[in-house]
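> Below are the structure tokens for one structure; questions will follow.
Number of protein chains: 2
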Amino acid sequence: MNCKDAALQARSISISLSALKREQKDAALETIRKMLWENRASIFEANRKDIERSKQENLPGPLLKRLKFDEEKLREVCSGIESLVRLPDPVGRVLSARELDSGLNLYQITCPIGVIGVIFESRPDALVQISTLCLKSGNSVLLKGGKEALETNRALYSCITDASQKAGIPEGWIHLLETREEVNELLQMDTFVDLIIPRGSNEFVRYIMQHSSIPVLGHADGVCHLYVDEEAEIDKALRLTIDAKTQYPAVCNAIETLLVHRAIAPRFLPQLAKAFSERIPPVELRGCPRTRQMIPCKPATEEDWKAEYLDYILAVKVVDTLEEAVTHINTYGSRHTDGIVTSSRERAEYFMERVDSANVFWNASTRFSDGYRYGLGAEVGISTGKLHARGPVGLEGLTTYKWRLYGNGHIVADYTGSTPKPFTHRPLPNRLPEQTAL
Amino acid sequence: MNCKDAALQARSISISLSALKREQKDAALETIRKMLWENRASIFEANRKDIERSKQENLPGPLLKRLKFDEEKLREVCSGIESLVRLPDPVGRVLSARELDSGLNLYQITCPIGVIGVIFESRPDALVQISTLCLKSGNSVLLKGGKEALETNRALYSCITDASQKAGIPEGWIHLLETREEVNELLQMDTFVDLIIPRGSNEFVRYIMQHSSIPVLGHADGVCHLYVDEEAEIDKALRLTIDAKTQYPAVCNAIETLLVHRAIAPRFLPQLAKAFSERIPPVELRGCPRTRQMIPCKPATEEDWKAEYLDYILAVKVVDTLEEAVTHINTYGSRHTDGIVTSSRERAEYFMERVDSANVFWNASTRFSDGYRYGLGAEVGISTGKLHARGPVGLEGLTTYKWRLYGNGHIVADYTGSTPKPFTHRPLPNRLPEQTAL
Numbered sequence: 204m205n206c207k208d209a210a211l212q213a214r215s216i217s218i219s220l221s222a223l224k225r226e227q228k229d230a231a232l233e234t235i236r237k238m239l240w241e242n243r244a245s246i247f248e249a250n251r252k253d254i255e256r257s258k259q260e261n262l263p264g265p266l267l268k269r270l271k272f273d274e275e276k277l278r279e280v281c282s283g284i285e286s287l288v289r290l291p292d293p294v295g296r297v298l299s300a301r302e303l304d305s306g307l308n309l310y311q312i313t314c315p316i317g318v319i320g321v322i323f324e325s326r327p328d329a330l331v332q333i334s335t336l337c338l339k340s341g342n343s344v345l346l347k348g349g350k351e352a353l354e355t356n357r358a359l360y361s362c363i364t365d366a367s368q369k370a371g372i373p374e375g376w377i378h379l380l381e382t383r384e385e386v387n388e389l390l391q392m393d394t395f396v397d398l399i400i401p402r403g404s405n406e407f408v409r410y411i412m413q414h415s416s417i418p419v420l421g422h423a424d425g426v427c428h429l430y431v432d433e434e435a436e437i438d439k440a441l442r443l444t445i446d447a448k449t450q451y452p453a454v455c456n457a458i459e460t461l462l463v464h465r466a467i468a469p470r471f472l473p474q475l476a477k478a479f480s481e482r483i484p485p486v487e488l489r490g491c492p493r494t495r496q497m498i499p500c501k502p503a504t505e506e507d508w509k510a511e512y513l514d515y516i517l518a519v520k521v522v523d524t525l526e527e528a529v530t531h532i533n534t535y536g537s538r539h540t541d542g543i544v545t546s547s548r549e550r551a552e553y554f555m556e557r558v559d560s561a562n563v564f565w566n567a568s569t570r571f572s573d574g575y576r577y578g579l580g581a582e583v584g585i586s587t588g589k590l591h592a593r594g595p596v597g598l599e600g601l602t603t604y605k606w607r608l609y610g611n612g613h614i615v616a617d618y619t620g621s622t623p624k625p626f627t628h629r630p631l632p633n634r635l636p637e638q639t640a641l
Numbered sequence: 204m205n206c207k208d209a210a211l212q213a214r215s216i217s218i219s220l221s222a223l224k225r226e227q228k229d230a231a232l233e234t235i236r237k238m239l240w241e242n243r244a245s246i247f248e249a250n251r252k253d254i255e256r257s258k259q260e261n262l263p264g265p266l267l268k269r270l271k272f273d274e275e276k277l278r279e280v281c282s283g284i285e286s287l288v289r290l291p292d293p294v295g296r297v298l299s300a301r302e303l304d305s306g307l308n309l310y311q312i313t314c315p316i317g318v319i320g321v322i323f324e325s326r327p328d329a330l331v332q333i334s335t336l337c338l339k340s341g342n343s344v345l346l347k348g349g350k351e352a353l354e355t356n357r358a359l360y361s362c363i364t365d366a367s368q369k370a371g372i373p374e375g376w377i378h379l380l381e382t383r384e385e386v387n388e389l390l391q392m393d394t395f396v397d398l399i400i401p402r403g404s405n406e407f408v409r410y411i412m413q414h415s416s417i418p419v420l421g422h423a424d425g426v427c428h429l430y431v432d433e434e435a436e437i438d439k440a441l442r443l444t445i446d447a448k449t450q451y452p453a454v455c456n457a458i459e460t461l462l463v464h465r466a467i468a469p470r471f472l473p474q475l476a477k478a479f480s481e482r483i484p485p486v487e488l489r490g491c492p493r494t495r496q497m498i499p500c501k502p503a504t505e506e507d508w509k510a511e512y513l514d515y516i517l518a519v520k521v522v523d524t525l526e527e528a529v530t531h532i533n534t535y536g537s538r539h540t541d542g543i544v545t546s547s548r549e550r551a552e553y554f555m556e557r558v559d560s561a562n563v564f565w566n567a568s569t570r571f572s573d574g575y576r577y578g579l580g581a582e583v584g585i586s587t588g589k590l591h592a593r594g595p596v597g598l599e600g601l602t603t604y605k606w607r608l609y610g611n612g613h614i615v616a617d618y619t620g621s622t623p624k625p626f627t628h629r630p631l632p633n634r635l636p637e638q639t640a641l
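Protein chains in written order, with the working numbering: chain X, 204 to 641; chain C, 204 to 641.
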């Protein structure tokens, strides 16, 4: 099936998908989990082929590691599906309810977005995670994985389609695209596809964002900051800086720039430099002129304030005020995750109110910025855009809402003209009337 | 000030705007209302100049009517500001709150989007409505009105800037753009502007949507439907069809196509045709072949199913089933507002669940689809997109949210590795802890 036909089918199926009840969706998720486990031998075999081929093609080590799909990964994936089953249905929630006039009631009710296109690199577990999130939220999904994971993705996809069909989910809600040409086609299909979610390197995500007429949810950059305020406790600041930089430097929520208030810098920076130089591997510091007066390190240039190193490198800048820290972050940051270390609640609130990022933290490592840690169940990604879902995006971000108006022959003519009927605009409880079929 | 400088200033001011308290914003709104009223003479004088000039330039009658800004319009605008003052602050609402672990609390809190660009035609009252909605929601705003309203817009704008400055709102939160070149610049400024809201004709809105790299909220088309089900009451169906088509045909929420179940069509259509032919002005019907077997009317072509007449014309199609009606709407509709007339709750729920539109109505005229009628206070427009705000967009649609994490030196390293600390993920009440400054 070509990409356009797949999208057309996904669109048409999305309508009945939106009407599925929670029990049907959860039963299908259970079947998927069981069949993935039962078919593990052939999935692992497919993965061995991918790894074999990728080794021959000299895929870099970190990518090879991500490509691996073994029993441990499968167990994680299955336990992820179990948590998804336990989560409430994100569809059919009443967000607001209001009587407009006697017998004329308005409800704002969540519903699926429709058709989601997901483009991801390497990791085959992303295929399972994303498709089960889409199923639970009632969305059709078009998946394009990395070519290095071709065989594994096919095995997982075939398992998911078989299982969901067996569980009575209409065929055609999920499609696997395999070529780069199909991706370019997908990005233009704004009639059929409602949302694109890209997961991969920043160049990859930026390419998608620039080449699609469809709304894109995600983030290209993760230039995260930690600001050590003059009222910070030194030990806490050290602990948080080390965690935020080194616990896993290759990810988007690790910090790239450290801002330090000038009043605390002379005490804090030497201790930090010592801790970082004693680590294995050590962290390279790149400092502003004032930083370099306090500790020996390379100079930071304008480029360093914008850099996402994803490595054991940290840019350091001494600032005069809290305001300067906020302005630096709003100027150079990527609106992802930024934190303040301070003992002052007032200064923390000032920071969190004014830093224009999806996630703003007080006395906590930026590495907590993650759907699983937030308790959202799983995440489809982290959004640095401001519209729709922001920050880690779970099931809720895969839904939108409709306004449903229940009347009894009400016409607008009665509410206009020289003697208009008034509206009551009375709040109703946030649930549908009991006689509803929902 | 050129467009780029205006956008830059709006962006930088937006940070302190986001931290304004409700009292400050409401006091500024009150001052604006007072100063508009006090300066009414010069506003009306400016409007007379615009009307004079536009008459000489042969502006069409309906546009001239929209351009008029007299005491009645000013009273409406002022009473709109009064309702806005009464509405709760959309900023700082806690959407969710969760304990991740002891002393580590996560809050999802609403905040302004940032900088809104609004491009509108003709009606000067839109300038006041939009800028006051932006102020109440803490957003900076770049406004571009129609050139026909140049003098009126300048008078209103000057009143609003003076009043808000007097009330202590930082200068530069609002800018008036006046040239078409500035609009084209605005559409490219995705670094400074977060959202574009266009208000005007469909060609105009479609142009904006196709030429901006910034997210656009709004709608180009309003191809709305009413479906008369086999289980409809004839009288109710007549009443609703007449209201939805004729109460104000030039607006987006008037219906353009009527779908009628074949079982009721032979009784319903002749009565409708009679009612429409007796009206002044009469409504022209364009029917499918089966419609034309029952009533005399012009044939409808494929183009008619896609048409937004905005006039006393209605396309009519007889359908075999409820499913066919839903499919027709999802194929030809514009995802704006669509209604069903039926006595069956089950069939109404089926319709409302499956019609993929922002507003789905049961036994009510599509003309109710409006922010004021919905009780949202005022609206910046109606969105037919599925992401972010959908349907009539009021204050809430001008906000987004941040995730705030409050910790006490919490690091991720403790929650990973061979003996990870578990997360508690315990729900908290939807409010910030009491000691907060908010």
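Yeah, the Cβ is synthetic: ideal placement off N, Cα and C, and Gly gets one too.
(1) Report the residues of the segment 536–566 of chain X with a CB closer than 9 Å to any CB of chain C, ordered along the chain.
(2) Checking contacts by CB at 9 Å: is C/S219 closer than that to chain X?
(3) Who pairs with X/V321 in a beta bridge, going by DSSP?
(4) Using a C-beta cutoff of 9 Å, does X/F471 count as contacting chain C?
(5) Compute the Euclidean distance between the alpha carbons of C/L266 and C/S325, then round it to the nearest angstrom.
(6) Quick check on X/K520: does DSSP put it in helix, strand or coil?
(7) Tell me which same chain residues have a C-beta within less than 7 Å of the C-beta of C/R269, skipping the five on either side of it?
(8) Could you name the residues of the segment 613–625 of chain C whose beta carbon sits closer than 9 Å to any beta carbon of chain X, in the order they occur along the chain?
(9) C/P327 CB to nearest chain X CB: under 9 Å?
(10) Candidates X/E527, X/T494, X/T530, X/T524: which alpha carbon is nearest X/L517's?
(11) Can you tell me whether DSSP reads X/T545 as helix, strand or coil?
(12) Under 6 Å Cβ to Cβ from C/N250, same chain only, skipping five residues before and after it: list those, please.
(13) To the nearest angstrom, how far is the alpha carbon of C/G349 from that of C/F323?
(14) State the Cα-Cα distance for the pair X/T639 and C/R548, rounded to the nearest angstrom.
(15) Based on Cα-Cα distance, which residue from C/F626, C/Y618, C/E511 lies nearest to X/G580?
(16) Indicate whether at least one CB of chain C lies closer than 9 Å to the CB of X/D208.
(17) Using alpha carbons as the reference points, say which of X/Q474, X/D432, X/K339, X/G403 lies closest to X/L420.
(18) Go ahead and label X/L475 buried or exposed: buried means 16 or more other beta carbons lie within 10 angstroms of its beta carbon, across all protein chains shown.
(19) Can you give, in chain order, each stretch of the beta strand (DSSP E) that sits fully within the segment 594–635 of chain X and has at least 3 residues?
(20) To the nearest angstrom, how far is it from the Cα of X/K228 to the Cα of X/L359?
(21) Tell me which residues share the same chain as C/K237 and place their Cβ nearer than 7 Å to its Cβ, disregarding the 5 neighbours each side in the sequence.
(22) Per DSSP, what are the beta-bridge partners of X/V297 in this structure?
(23) Residues of the segment 369–389 of chain C with a CB closer than 8 Å to any CB of chain B: list them in chain order, please.
(24) Rounded to whole angstroms, what is the Cα-Cα separation between X/D292 and X/I284?
(25) Please confirm whether X/R301 has its beta-carbon closer than 9 Å to some beta-carbon of chain C.
(26) With a threshold of 16 other CB atoms inside 10 Å of the CB of X/K258, please say whether the residue is buried or exposed.
(27) Tell me the DSSP bridge mates of C/W565?
(28) Assign C/A561 to buried or exposed, taking buried as 16 or more other Cβ atoms, counted over all protein chains shown, within 10 Å of its Cβ.
(29) Under 9 Å, Cβ to Cβ, is there at least one residue of chain C near X/Y604?
(30) May I ask you to report which of helix, strand or coil DSSP gives X/K224?
(31) Identify which residue in X/E255, X/F554, X/L389, X/I363 has its Cα closest to the Cα of X/E351.
(32) Buried or exposed: C/A244, going by 16 or more other Cβ atoms within 10 Å of its Cβ?
(33) Determine the closest residue to X/W508 out of X/I498, X/K501, X/G320, X/G536, with distance taken between C-alpha atoms.
(34) Across which residues does DSSP place C/G490 in a beta bridge pair?
(35) Would C/A222 count as contacting chain X if we go by Cβ distances under 9 Å?
(36) Which residues of chain X have a Cβ atom closer than 9 Å to the Cβ of C/Q450, listed in chain order?
Once the coordinates are examined:
(1) T540, G542, V544, R548, E549, A551, E552, Y553, M555, E556, R557, V558, D559, S560, A561, N562, V563, F564, W565, N566
(2) yes
(3) Beta-bridge pairing links X/V321 to X/L346, X/I400.
(4) no
(5) Rounded to the nearest angstrom, the two C-alpha atoms are 7 Å apart.
(6) strand
(7) S325, R326
(8) Cβ contacts with chain X: H613, I614, V615, A616, D617, Y618, T619.
(9) no
(10) X/T494
(11) coil
(12) By the criterion of a C-beta distance shorter than 6 Å, C/N250 is surrounded in its chain by F272, T355, once the five residues flanking it on both sides are discounted.
(13) 6 Å
(14) Note that X/T639 has pLDDT 47, beneath the 50 cutoff, so the model's placement of it is unreliable and the number below is only indicative. Rounded to whole angstroms, X/T639 to C/R548 spans 7 Å at the Cα level.
(15) Distances from the alpha-carbon of X/G580 to those of C/F626, C/Y618, C/E511 put C/F626 closest.
(16) It does not; no Cβ of chain C falls within 9 Å.
(17) X/G403
(18) buried
(19) 594–596, 602–613
(20) 18 Å
(21) none
(22) X/I312
(23) Given the protein chain composition of this structure (X and C), no chain B is represented.
(24) Spanning the two alpha carbons is a distance of roughly 14 Å.
(25) yes
(26) exposed
(27) According to DSSP, which records beta bridges pairwise, C/W565 is partnered with X/Y609, C/I543.
(28) buried
(29) yes
(30) coil
(31) X/E255
(32) exposed
(33) X/G536
(34) C/P502, C/V519
(35) Yes, because at least one Cβ of chain X sits closer than 9 Å to the Cβ of C/A222.
(36) I614, V615, A616, T619
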